[in-house]
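Residues 307 to 643 in the numbering used here are what the sequence shown lists, from first letter to last. Don't be surprised by glycine CBs; every beta carbon is placed ideally from N, CA and C. Let me begin by presenting the structure, written as structure tokens, before commenting on it.
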Amino acid sequence: VMRTWVLLSAVLWCLTGVRCPRSTLFNTKGFVYGKTGQPGKIYVKLHQNSPVLICMDFKLSKKEIVDPTYLWIGPNEKTLTGNNRINITKTGQLMVKDFLEPLSGLYTCTLSYKTVKAETQEEKTVKKRYDFMVFAYREPDYSYQMAVRFTTKSCIGRYNDVFFRVLKKILDNLMSDLSCHVIEPSYKCHSVEIPEHGLIHELFIAFQVNPFAPGWKGACNGSVDCEDITNRNILQARDRIEEFFWSQAYIFYHNFNKTLPAMHFVDHSLQVVRLDSCRPGFGKDESLHSNCASCCVVCSPATFSPDVDVTCQTCVSVLIYGAKSCPTSNKNQPHED
């Protein structure tokens with residue numbers, strides 16, 4: 307059964323489109339064509355290569371072009387030339403290798419070409435400008451908030467504490483090879499009146515499953531895309547925990563002599579909610595990045611993110627992409643109305 311669930315999570319992992327190029331522009335096979343007017347937004351996963359940006363629109367690419375020249379301007383408003391990170395072809399195609407936060411921003415290409423009247427040899431130069439807004443992004447780090455309930459014979463007595471500690475140890479052991487662990491565990495005991503069963507005592511248990519157990523970086527094997535590995539691990543950890551509690555329900559229903567222990571799992575009580583967090587310098591903004599709403603997108607200039615929150619905060623003195631702090635010097639500057 308566990309293999310089936312791990313396989314299912316792997317399929318769902320692929321369906322989330324982690325590796326798919328995310329763009330609001332027309333693109334095909336990793337090629338993104340320009341369009342005039344409002345710049346389209348392109349999202350490039352951190353440490354991956356950008357899609358190929360083509361310095362013409364799709365319609366023009368199907369036509370014959372005479373004497374074309376291409377001029378690329380980067381986010382720092384300087385002319386781009388080919389180097390070990392930026393690849394520009396003779397036909398004006400640009401690709402950025404190993405994309406990093408500071409490479410985010412506006413990429414502009416100007417295409418110049420000639421139209422020639424065959425009968426008069428009259429030449430006319432045409433210029434077209436294409437803008438591409440390119441943003442670095444990461445996948446969010448997943449963790450899971452879980453809640454379960456167990457019956458108990460009384461809300462008084464130390465055995466509830468003992469049971470709670472044992473359960474946490476079992477769950478930690480279930481996923482120790484995945485570098486995941488239980489954090490922020492808590493429980494409360496309540497009296498619950500159940501129709502036709504009278505009053506019983508139940509432990510309401512809550513905990514988080516977190517992919518950053520001590521030594522978690524060892525699971526990365528030197529990979530720069532470590533969130534891919536930690537997220538894959540925590541999906542497996544979630545599956546194992548769900549299967550553990552399903553097995554408790556199975557025992558409940560298949561205990562033929564009906565001598566159930568005083569403390570047993572309350573069927574259908576397991577609740578699982580995914581929590582997303584972003585690394586410093588990244589945040590989520592569905593209104594600004596609707597085409598990458600589930601992504602942790604690099605914080606734009608005038609914003610920063612110092613912790614694992616999912617939002618970039620305002621800071622007018624920040625001039626870079628991916629800021630992790632807000633310089634305090636702006637506090638003494640006069641406030642503009």
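From K494 to D591, what does the alpha carbon distance come to, in whole angstroms?
Near 36 Å, if we compare the C-alpha coordinates of D591 and K494.
Look up L576 in the DSSP assignment and say whether it is helix, strand or coil.
If DSSP states are grouped into helix, strand and coil, L576 belongs with coil.
Look at the alpha carbon of A543 and the alpha carbon of D483, and state the distance between them as a whole number of angstroms.
Approximately 9 Å between the Cα atoms of the pair.
DSSP has Q399 in a bridge; who is on the other side?
In DSSP, Q399 forms a bridge with I360.
For Y627, name the three-state secondary structure that DSSP assigns.
Reduced to three states, the DSSP call for Y627 is coil.
Is T620 near the ligand ZN, going by C-beta to nearest heavy atom under 6 Å?
Only the bare structure without any ligand can be found here, which leaves the ligand ZN out of the picture.
What's the C-alpha gap between L412 and D582?
Taking the straight line joining both Cα atoms gives about 28 Å.
Between the Cα of V614 and the Cα atoms of V622, C621 and C605, which residue gives the shortest distance?
Among V622, C621 and C605, the Cα nearest to that of V614 is on C605.
Between R444 and C602, is the Cβ-Cβ spacing less than 7 Å?
Closer than 7 Å, so yes.
Alpha carbon to alpha carbon, how far is I524 from P374?
According to the sequence provided, residue 524 is Gly. The question's Ile does not apply to it. Rounded to whole angstroms, G524 to P374 spans 51 Å at the Cα level.
For L478, report the span of its alpha helix (DSSP H) as first-last.
Leu is not the amino acid found at residue 478; the sequence shown has Asp there. Residues Y465 to L480.
What residue does the beta strand (DSSP E) around A599 start on, and which one ends it?
No beta strand (DSSP E) contains A599, which DSSP labels as neither H nor E.
Can you tell me whether D404 is helix, strand or coil according to DSSP?
D404 falls in the coil class under three-state DSSP.
Using the Cα positions of R435 and R546, report the straight-line distance between them to the nearest angstrom.
In a straight line, the C-alpha of R435 is about 53 Å away from that of R546.
Do I348 and V440 have their CB atoms nearer than 7 Å?
It is a contact, given that the beta carbons lie within the stated cut-off.
For M452, which residues does DSSP report across the bridge?
Per DSSP, F513 and V578.
Just the C-alpha distance for D531 and T431, rounded to the nearest angstrom, thanks.
When rounded, the distance between both Cα atoms is 46 Å.
Going by DSSP, name the residue or residues bridged to C495.
DSSP output for C495 lists L509 as bridge partner(s).
Below 8 Å, how does it come out for the segment 406 to 421 and the segment 570 to 581: are there three or more Cβ pairs, yes or no?
No, because fewer than three Cβ pairs between the segment 406 to 421 and the segment 570 to 581 fall closer than 8 Å, the two stretches do not touch.
Excluding the 5 residues flanking D404 on each side, which residues of the same chain have their C-beta closer than 6 Å to its C-beta?
Result list for D404: H353, in chain order.
Anyone know if the C-beta pair for I540 and P517 falls short of 7 Å?
Cβ distance < 7 Å, so I540 and P517 count as in contact.
When burial is assigned at 16 or more other CB atoms within 10 Å of the CB, is L477 buried or exposed?
Counting Cβ neighbours within 10 Å, L477 comes out buried, since at least 16 surround it.
Please classify E490: is it buried, with 16 or more other beta-carbons within 10 angstroms of its beta-carbon, or exposed?
Under this definition E490 is an exposed residue.
Just how far apart, CA to CA, sit L625 and N355?
L625 and N355: Cα-Cα distance of roughly 24 Å.
With the cut-off set at 7 Å, would you say N466 and T458 are in Cβ contact?
Their beta carbons are under 7 Å apart, which means N466 touches T458 by this criterion.
Within 10 angstroms of the Cβ of T609, are there 16 or more other Cβ atoms? Answer buried if so, exposed if not.
With 16 or more other Cβ atoms within 10 Å, it is buried.
Of the choices L576, T414 and I535, whose alpha-carbon is the least far from that of A659?
The structure shown does not extend to residue 659, since the chain spans only 307 to 643, so no value can be given for it.
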